[in-house]
Amino acid sequence: MQLTFSTRIPPVTSALLLLMALTLPLNALLLPAGAGCNSCTLQGEGWRLFTSLFLHADLQHLLSNASCLLMLGFFLEKQLTPWTFSLLFFLSGLAGNVLTLLLMPAHFTHVGASGAVFGLLGAQIYIFYLQKQRYGHREFSLLLLALLLLVSATFLDRTVNIAAHLGGLLAGGMLMPLLYKE
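First residue of the sequence shown? That's 1 in the UniProt record's numbering, and the numbers climb one at a time after it.
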């Protein structure tokens, strides 16, 4: 049995993309109170571990995260419940931001959904491993494209928060045995 490709964007993926897009024009207003700021988080502003997921440095940053979320969301949200997909997104993003808090200096500031997106990638790799015989060529090609985009962004761009990417990827892969039911 092969999984089929649909052009309809799943609802949680759509909502996340919309929320990210709506915050970009408001960056000047939202960044001071919502960006991931290690020293601020350590001083009790824990909401930054989540709000930073929806803020992006610029349009290019938003588009790179949004395109990967879109590609991965097509597959994952259809294989999980909307609730489970949402939980995976937020817990992966949280894990990436917590690892950033632990590994990066107190003055480090960060924004973006890439930790959560890497968590989705880790989850998709887990599912692909379990069901590799069910995937068609198109689905596998899109997964490889997402992997290539994310990995190249991580290691080619010095502004990338590698801790968030790694934390999200590990969290996504490790959460799937708990969240995914075949």
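For each residue, glycine too, the CB sits at the ideal point set by N, CA and C.
- DSSP places H137 within a helical segment (H, G or I) once states are collapsed to three.
- Nearest neighbour of A28 by Cα position, chosen from A57, E45 and L17, turns out to be A57.
- Note on E182: under 16 other CB atoms within 10 angstroms of its CB, so exposed under the neighbour-count rule.
- Put simply, the backbone Cα of L31 is about 44 Å away from that of Q133.
- Under the DSSP definition of a beta bridge, T109 partners with C37.
- At a cut-off of 4 residues, the continuous stretches assigned as alpha helix (DSSP H) that sit fully inside the UniProt domain "Peptidase S54 rhomboid" (44–180) are 48–51, 59–79, 82–103, 114–130, 137–156 and 162–179.
- Out of L88, T51, A35 and T41, the CA that lies nearest to the CA of L102 is found in T41.
- Here the C-alpha atom of A15 lies approximately 17 Å from the C-alpha atom of P25.
- For T13, the three-state secondary structure derived from DSSP is helix.
- Just so you know, the alpha carbons of A35 and A171 end up roughly 21 Å apart.
- Straight-line spacing of the CA atoms in Q43 and H110 works out to 16 Å.
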